[in-house]
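Undergrad: What the sequence shown shows, in my numbering, is residues 1435 to 1597, in sequence order. Positions of the beta carbon are idealized from the N, C-alpha and C atoms, including for glycine. Only a predicted model underlies this, so the values are computations on that prediction, with no experimental measurement involved.
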Amino acid sequence: MDSNLKRRVEAFLFIISKGLKIHELAEKTGASEKDVLAIVSELRDEYKARSSAFNIINFNELYRMTVDRNLINGLNELVPDEFSKSVIKTLSVIAWKQGITQSEVVRIRGNKSYAHIEQLIQLGFINAEPYGRTAKLNLANKFFEYFDINKGEEKFIFKQFNE
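1) State yes or no: is the C-beta of N1492 within less than 8 Å of the C-beta of K1482?
2) Is the beta carbon of L1571 less than 8 Å from the beta carbon of I1551?
3) Evaluate G1464 with the Cβ neighbour count: other Cβ atoms within 10 Å of its Cβ, from every protein chain shown; 16 or more gives buried, anything less gives exposed.
4) When the Cα of S1520 is compared with those of S1537, S1451 and R1543, which residue comes out closest?
5) Return the first residue and the last residue of the alpha helix (DSSP H) that I1522 is part of.
6) Since I believe T1524 is in contact with S1547 (beta carbons under 8 Å), could you give me their beta-carbon distance rounded to a whole number of angstroms?
7) Given K1585, which residues of its chain have a CB within under 7 Å of its CB, disregarding the five upstream and five downstream residues?
8) For R1454, which of helix, strand or coil comes out of DSSP?
9) Any heavy atom of the ligand SAM closer than 7 Å to the beta-carbon of S1526?
10) State the start and end residues of the unbroken alpha helix (DSSP H) segment that holds F1577.
11) What residues in its chain sit with their C-beta under 7 Å from that of M1499, if we drop five residues either side in the sequence?
12) Looking at the structure shown, is K1462 part of a helix, part of a strand, or coil, going by DSSP?
13) For R1484, which three-state DSSP category applies?
14) Can you tell me whether A1549 is buried or exposed? The criterion is at least 16 other CB atoms within 10 Å of its CB, across all chains shown.
15) What are the boundary residues of the alpha helix (DSSP H) that I1449 is part of?
16) Does A1529 pass the burial test, meaning 16 or more other C-beta atoms within 10 Å, or should it be called exposed?
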């Protein structure tokens, strides 16, 4: 790969914090989508191999550079601005009690959690499956990708909201 192209892709990912789709990176760099995807994959592997402070995540087809979650103190800096504290609290209840029913979340968090749950489903952070008259809620793969954690680690991240 062209090292200059690789540096340009990395620079765009660094500068544009909201993230970019592969086709947007290709347009900005003048490279093919295939080459850009290969570069993004190569950068991810390099960061991981050298235990870099940075990583690249894919959320809703947007690739963006993030700081390794192990280097950040507290959830507030980790969670994007587009989530209100109340949505994060609802998400933390779902993460803490994997397999919780929607009615139980509403009992714990109140009626506004219906809107939070809908938002989290639309963003792909949680899944809802019918469960009698309610729904059973579980974390989706997007949750684990976005927060760059393995299944089972979610309780440690959201601990401060559940104490």
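TA: Quick look at the numbers:
1) no
2) yes
3) exposed
4) R1543
5) K1519 to W1530
6) 5 Å
7) F1578
8) Arg is not the amino acid found at residue 1454; the sequence shown has Leu there. Note: L1454 maps to strand in three-state DSSP.
9) Among the components of this structure there are no ligands whatsoever, and the ligand SAM is therefore not found.
10) N1575 to Y1580
11) L1447, F1448, F1488 and I1490
12) helix
13) coil
14) exposed
15) S1437 to I1449
16) buried
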